[in-house]
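J.: Residue numbers (this note's numbering), protein chains in the order written: chain S, 2 to 310; chain Z, 36 to 574.
Encoded as structure tokens, here's the structure I'll be asking about.
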Amino acid sequence: MQRNFSTRWTKIRSNIWRNRYIYMMVIPVLVYLALFKYMPMWFLRTSFYDYKLLKGFDGSKFVGLKWFKRLFSNPNLLKYIGNTLRLNISAMVFLFPLPMIFAILLNELQSNRFKKTVQTISYLPHFVSTVVLVSMITTIVSPSLGIIGKLVRAAGGTPVNYLADPNYFVPINVISGAWQSVGWDAVIYVSALSSIDPGLYEAARIDGAGRFKQILHVTLPGILPTFVIIFIMRMGQMLNVNFEKVYLLQNNLNLPASEMLPTFSYKTGMESRNYGYATAVGMFNSVISLMLVIIANKISKRVSDISLM
Amino acid sequence: MKRLLSLLLALSMLMGLSIAIAETATSAPDPKTILDGVTLEPSKGLYLDEHLEISGMGIHFNNYPTEFDGCYYFQAIEKLTNAKIVIDWRTADGYDTQVATTLASGKLPDIMGAGSYGVLNLANEGAIVALDDYLHLIPNIVEAVGEKRMADWRQADGHIYTLPTIVDVPGSQSVMVRQDWLDKLGLEVPTNWDEWLTLWRAIRDNDLNGNGDNTDEIPLALEMGQSGERCMASLLNAFGIAASADTQFCVLEDGTYTMVYEHPRYFEFLQAVQDMYKEGLIDPEFTMRKQAELFTAMDTGLVGTAMTWAERARLSTYTNRESGNEDALWTCVAPIVGPYGDQMTQERKAVTSVWCITTAAEEAGKVEDILKVFNWNYGKEGLILYNYGIEGKTYDIVDGKYVLKPEIVKNGFVDYRATGMEYEPFGGRWFTDAFTQCLFAGQNIDELDDASQSFYNGLAVVNNDYFYPMPQTLETEAYTEYRGELITGAAGVCVLRDQCIAGQITVDEFKEKYEALKDMGLQDVIDQGAEAYAKIMGE
Numbered sequence: 002m003q004r005n006f007s008t009r010w011t012k013i014r015s016n017i018w019r020n021r022y023i024y025m026m027v028i029p030v031l032v033y034l035a036l037f038k039y040m041p042m043w044f045l046r047t048s049f050y051d052y053k054l055l056k057g058f059d060g061s062k063f064v065g066l067k068w069f070k071r072l073f074s075n076p077n078l079l080k081y082i083g084n085t086l087r088l089n090i091s092a093m094v095f096l097f098p099l100p101m102i103f104a105i106l107l108n109e110l111q112s113n114r115f116k117k118t119v120q121t122i123s124y125l126p127h128f129v130s131t132v133v134l135v136s137m138i139t140t141i142v143s144p145s146l147g148i149i150g151k152l153v154r155a156a157g158g159t160p161v162n163y164l165a166d167p168n169y170f171v172p173i174n175v176i177s178g179a180w181q182s183v184g185w186d187a188v189i190y191v192s193a194l195s196s197i198d199p200g201l202y203e204a205a206r207i208d209g210a211g212r213f214k215q216i217l218h219v220t221l222p223g224i225l226p227t228f229v230i231i232f233i234m235r236m237g238q239m240l241n242v243n244f245e246k247v248y249l250l251q252n253n254l255n256l257p258a259s260e261m262l263p264t265f266s267y268k269t270g271m272e273s274r275n276y277g278y279a280t281a282v283g284m285f286n287s288v289i290s291l292m293l294v295i296i297a298n299k300i301s302k303r304v305s306d307i308s309l310m
Numbered sequence: 036m037k038r039l040l041s042l043l044l045a046l047s048m049l050m051g052l053s054i055a056i057a058e059t060a061t062s063a064p065d066p067k068t069i070l071d072g073v074t075l076e077p078s079k080g081l082y083l084d085e086h087l088e089i090s091g092m093g094i095h096f097n098n099y100p101t102e103f104d105g106c107y108y109f110q111a112i113e114k115l116t117n118a119k120i121v122i123d124w125r126t127a128d129g130y131d132t133q134v135a136t137t138l139a140s141g142k143l144p145d146i147m148g149a150g151s152y153g154v155l156n157l158a159n160e161g162a163i164v165a166l167d168d169y170l171h172l173i174p175n176i177v178e179a180v181g182e183k184r185m186a187d188w189r190q191a192d193g194h195i196y197t198l199p200t201i202v203d204v205p206g207s208q209s210v211m212v213r214q215d216w217l218d219k220l221g222l223e224v225p226t227n228w229d230e231w232l233t234l235w236r237a238i239r240d241n242d243l244n245g246n247g248d249n250t251d252e253i254p255l256a257l258e259m260g261q262s263g264e265r266c267m268a269s270l271l272n273a274f275g276i277a278a279s280a281d282t283q284f285c286v287l288e289d290g291t292y293t294m295v296y297e298h299p300r301y302f303e304f305l306q307a308v309q310d311m312y313k314e315g316l317i318d319p320e321f322t323m324r325k326q327a328e329l330f331t332a333m334d335t336g337l338v339g340t341a342m343t344w345a346e347r348a349r350l351s352t353y354t355n356r357e358s359g360n361e362d363a364l365w366t367c368v369a370p371i372v373g374p375y376g377d378q379m380t381q382e383r384k385a386v387t388s389v390w391c392i393t394t395a396a397e398e399a400g401k402v403e404d405i406l407k408v409f410n411w412n413y414g415k416e417g418l419i420l421y422n423y424g425i426e427g428k429t430y431d432i433v434d435g436k437y438v439l440k441p442e443i444v445k446n447g448f449v450d451y452r453a454t455g456m457e458y459e460p461f462g463g464r465w466f467t468d469a470f471t472q473c474l475f476a477g478q479n480i481d482e483l484d485d486a487s488q489s490f491y492n493g494l495a496v497v498n499n500d501y502f503y504p505m506p507q508t509l510e511t512e513a514y515t516e517y518r519g520e521l522i523t524g525a526a527g528v529c530v531l532r533d534q535c536i537a538g539q540i541t542v543d544e545f546k547e548k549y550e551a552l553k554d555m556g557l558q559d560v561i562d563q564g565a566e567a568y569a570k571i572m573g574e
């Protein structure tokens with residue numbers, strides 16, 4: 002037994018030494034994860050304190066489950082959860098497949114020069130900061146100052162104040178998200194597409210498959226693992242994406258549709274300085290996220306035999 | 036293609052950089068060179084035995100230089116008092132987050148501006164020192180604040196924590212109308228509620244900006260403020276509601292301090308504004324019309340009436356004229372008269388909290404010396420330095436009076452502040468005399484053009500009979516705890532108010548939901564506010 006253990010340990014050590022440079026490359030990532038992902042977990046206990054920044058845990062009052070009780074007795078909690086899910090699921094449903102479709106379309110282009118140009122132009126909006134993006138949206142849709150309002154007026158219509166109507170919040174979020182992210186998110190699929198063996202396409206052609214059938218039977222199965230892994234990872238982040246954009250697009254008239262758990266947590270913590278309550282909200286949000294990841298992982302394992310765990 | 040795009044990107048970045056670093060053309064003296072050739076003797080009022088360095092963190096406004104830019108103001112204070120002031124200046128955007136980060140680091144400067152973080156929040160953190168026991172060390176500041184304004188200096192817990200800045204000029208904002216539009220309509224400045232409604236309807240129905248579209252004129256534009264709180268001030272006042280800066284609190288006729296929603300006329304006000312919104316008389320974008328957007332709308336000939344900084348009347352007139360509308364003129368007028376004849380406007384807050392002395396300074400034994408320096412700043416020498424600068428360089432004494440040099444006031448407040456005078460981010464007491472010299476830019480009222488006369492009228496004439504002392508928003512424990520949820524939050528009373536105005540809910544629904552919020556904690560906010568107000572007024 003001991004001998005077996007010793008042999009295994011020697012193997013591990015020699016493996017590490019042989020691949021030392023690869024392991025060294027992992028170190029920064031591990032440090033990042035430890036500092037920014039695991040260490041903050043220690044501060045989740047803030048949710049049990051009436052936490053004062055300067056006084057720290059020693060000087061702050063322990064309040065037990067007070068903030069959780071307050072959260073679960075908040076009559077708007079279900080609305081916030083509903084908004085969180087609606088905004089993120091809509092973004093997921095519309096924005097998740099779009100980059101893949103876009104990448105496949107790009108892959109089908111014959112002219113390499115045109116393909117590169119389209120790709121370059123399409124991923125540039127990714128570099129526009131959220132603040133600038135929101136400023137652009139606000140300016141474009143403003144009934145008095147925006148281009149849409151002016152066009153509607155020129156056509157004899159009455160401009161709609163889109164940002165003041167809760168019904169338009171989801172479409173604005175999705176459309177602006179598509180403009181900004183499709184090109185950039187397609188990069189990973191373009192890369193996955195390039196790794197598909199050209200021999201498979203040749204074989205499909207010999208078997209009489211047309212362009213559409215080649216996509217269906219060669220391209221899609223070829224990028225499916227990438228699709229699934231990204232899907233599961235996205236599920237984990239699902240409740241946290243879009244925070245900045247949603248927060249910046251909020252106004253008093255669209256809040257009934259735009260207030261979600263992360264924005265509520267931010268306002269509670271950073272605007273009302275109630276750090277304990279904000280952490281409790283954030284923790285609740287994380288628990289829902291974890292549950293979503295587990296569910297997505299299980300479904301994926303059952304359907305496609307691809308999973309993270 | 037990629038090369039071309041990269042080149043374009045690089046060029047635009049270079050242009051941005053050059054614009055960012057370009058110096059604004061100004062005729063004002065360089066604040067770095069004002070002390071050249073000047074010998075400043077140690078002040079007789081205060082010269083510390085040991086050199087004192089005061090570190091700080093505060094909010095800076097772009098129109099002032101900073102001490103690390105070599106601003107003469109801080110250099111002069113050091114030479115005169117032997118105290119070096121080194122402030123870590125931050126922008127107002129996200130300042131509360133920056134304060135939170137500083138608190139979390141545990142490394143506090145000697146003095147801190149509370150900004151939007153809130154003075155009482157800093158006190159609750161144990162970060163700052165109450166000054167009640169030190170008032171004997173700052174007699175100049177106590178005198179400058181004055182007996183009548185002591186309540187404005189105190190916080191909701193009754194204590195004094197801050198070193199203030201004081202502006203002895205009541206006017207700042209004004210209602211203003213497009214005079215040229217009034218002329219086109221053949222109307223006079225309204226003097227009662229019905230006339231105001233007539234004017235707003237006429238603006239709505241006519242193509243007054245002459246762009247061929249009679250639907251884009253905004254009869255009454257409202258500036259939202261931080262979270263929609265300020266936009267209703269002009270209309271609240273017309274209904275006799277003397278509201279606080281954030282229009283959440285007011286003082287009733289019997290002296291009770293309460294939330295505006297408790298005012299006997301509030302629901303009537305709400306119904307009237309809802310009707311106005313429905314009729315298209317108020318800005319449909321009132322929940323998102325930030326100051327910059329309001330100014331753009333005013334500058335581009337979309338707005339008929341507004342309430343904002345009086346100076347905007349002058350600036351917007353110029354902008355409209357520069358874009359070809361020679362007749363454009365924004366005229367500052369007296370406050371809107373309400374249906375019951377109420378006419379009032381908020382007085383500029385005279386005493387504003389700026390600096391708090393931190394517990395770090397207390398531990399270092401610096402509190403008394405810091406207070407002495409600030410007290411000196413409110414003494415004769417400090418006040419002259421603050422208001423007029425350096426004799427021979429920025430002002431001359433003519434017939435015993437301090438007269439700012441023409442090149443300092445040529446562009447009104449712009450060059451005056453760019454030079455480093457009336458250094459508001461640091462604070463002091465701004466004299467009406469210095470203010471007036473800047474306002475007139477070295478001219479007489481008759482020599483001013485019509486736009487500048489309008490600005491002057493907005494500040495110092497048309498509103499004079501209507502000012503009410505604006506109550507402060509007292510950040511009691513309940514207010515701090517519930518503000519984010521019950522006042523400004525997604526289901527808070529501010530959101531309900533705006534939903535009601537926009538017709539998403541009725542006034543009765545508003546009442547019902549408001550009562551529910553009171554049961555959830557808003558009643559505590561009201562009760563604690565009233566209690567705190569009574570306490571600070573009593574003290």
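Heads up, the beta-carbon is just placed ideally off N, CA and C, and yes, glycines get one too.
1. For the segment 533 to 549 of chain Z, enumerate the residues whose C-beta is nearer than 8 Å to any C-beta of chain S, in chain order.
2. In whole angstroms, what separates the C-alpha of E398 (chain Z) from that of C391 (chain Z)?
3. At a cut-off of 7 Å, is Y514 (chain Z) close to the ligand FMN when judged by its beta-carbon and the heavy atoms of the ligand?
4. Mind checking the segment 272 to 291 of chain S against chain Z and listing, in chain order, the residues whose C-beta falls within less than 8 Å of any C-beta there?
5. Is the Cβ of P593 (chain Z) closer than 8 Å to any Cβ of chain S?
6. Given a threshold of 16 other Cβ atoms within 10 Å of its Cβ, counted over all protein chains shown, does I56 (chain Z) qualify as buried or as exposed?
7. Between which two residues does the beta strand (DSSP E) harbouring T340 (chain Z) extend?
8. Could you spell out the range, first to last residue, of the alpha helix (DSSP H) harbouring P100 (chain S)?
9. Decide if L509 (chain Z) is buried, meaning its Cβ has at least 16 other Cβ atoms within 10 Å, or exposed.
10. Could you tell me the alpha carbon to alpha carbon distance between A273 (chain Z) and F73 (chain S), rounded to whole angstroms?
11. Using only alpha-carbon positions, find the residue among S:I230, S:Y202, S:F228 that is nearest to V219 (chain S).
12. Nearest by alpha-carbon distance to L250 (chain S): which of S:S177, S:K56, S:V304, S:P199 is it?
13. Please compile the residues from chain S whose C-beta is within a distance smaller than 7 Å of the C-beta of I480 (chain Z).
14. Just curious, the alpha helix (DSSP H) that V180 (chain Z) is in, first and last residue?
15. What residues are listed by DSSP as bridge partners for I201 (chain Z)?
16. Answer with buried or exposed for Q478 (chain Z), where buried requires no fewer than 16 other C-beta atoms within 10 angstroms of its C-beta.
17. Answer with yes or no whether the minimum CB distance from R46 (chain S) to chain Z is below 8 Å.
18. Suppose you measure from the CA of H127 (chain S) to the CA of N162 (chain S); what does that come to, to the nearest Å?
19. Determine the DSSP secondary structure at T85 (chain S), reduced to helix, strand or coil.
20. Do M239 (chain S) and M137 (chain S) have their C-beta atoms closer together than 8 Å?
21. According to the neighbour-count rule (16 or more other Cβ atoms, all chains shown, within 10 Å of its Cβ), is P66 (chain Z) buried or exposed?
22. Contact criterion: CB-CB distance below 8 Å. Does A57 (chain Z) meet it with respect to chain S?
23. Do we get a CB-CB distance below 8 Å when we pair I94 (chain Z) with the residues of chain S?
24. Does the CB of K268 (chain S) have a neighbour CB from chain Z at under 8 Å?
25. When the cut-off is 8 Å and only beta carbons count, does E160 (chain Z) lie next to chain S?
26. Are the C-beta atoms of E260 (chain S) and some chain Z residue less than 8 Å apart?
27. Find out if the Cβ-Cβ distance for the pair N156 (chain Z), R274 (chain S) is shorter than 8 Å.
28. Assuming E382 (chain Z) contacts M505 (chain Z) under a Cβ cut-off of 8 Å, what Cβ separation, rounded to an integer in Å, is found between them?
29. Examine chain S for any beta-carbon lying closer than 8 Å to the beta-carbon of R518 (chain Z), and answer yes or no.
30. So which of Z:W228, Z:D468, Z:E303 has the shortest CA-CA distance to I276 (chain Z)?
31. Which bits of chain S does N156 (chain Z) rub up against, with CB to CB less than 9 Å?
32. Note the first and the last residue of the continuous alpha helix (DSSP H) segment covering M456 (chain Z).
33. Say whether chain Z places a C-beta atom closer than 8 Å to the C-beta of N77 (chain S).
34. Classify F265 (chain S): buried if its beta carbon has 16 or more other beta carbons within 10 angstroms, exposed otherwise.
35. First and last residue of the beta strand (DSSP E) that includes I253 (chain Z)?
36. If contacts are defined as beta-carbon pairs under 8 Å, then I120 (chain Z) and F103 (chain Z) qualify, I think. What distance do you get, rounded to the angstrom?
T.: So, to answer that:
1. D533, Q534, A537, Q539
2. 15 Å
3. As presented, the structure is devoid of all ligands, the ligand FMN included, so that no description of it is given.
4. E272, S273, R274, N275
5. For chain Z, the structure presents residues 36 to 574; residue 593 (chain Z) sits outside this window and is missing.
6. Because I56 (chain Z) sits at a pLDDT of 49, beneath the cut-off of 50, its placement in the model cannot be relied upon, and the point is left open.
7. 338 to 344
8. 98 to 109
9. buried
10. 41 Å
11. S:Y202
12. S:S177
13. Those within 7 Å of I480 (chain Z) in chain S number zero; the least Cβ separation is about 35 Å.
14. 174 to 180
15. Z:V386, Z:R464
16. exposed
17. no
18. 26 Å
19. helix
20. no
21. buried
22. With a pLDDT of 48 at A57 (chain Z), under the threshold of 50, the modelled position of this residue cannot be trusted, and the question is left open.
23. no
24. yes
25. yes
26. yes
27. yes
28. 6 Å
29. yes
30. Z:E303
31. R274
32. Premise fails: M456 (chain Z) is in no alpha helix (DSSP H) and is neither H nor E.
33. yes
34. buried
35. 253 to 256
36. Their Cβ separation, rounded to whole angstroms, is 11 Å, which puts I120 (chain Z) and F103 (chain Z) out of contact at 8 Å.
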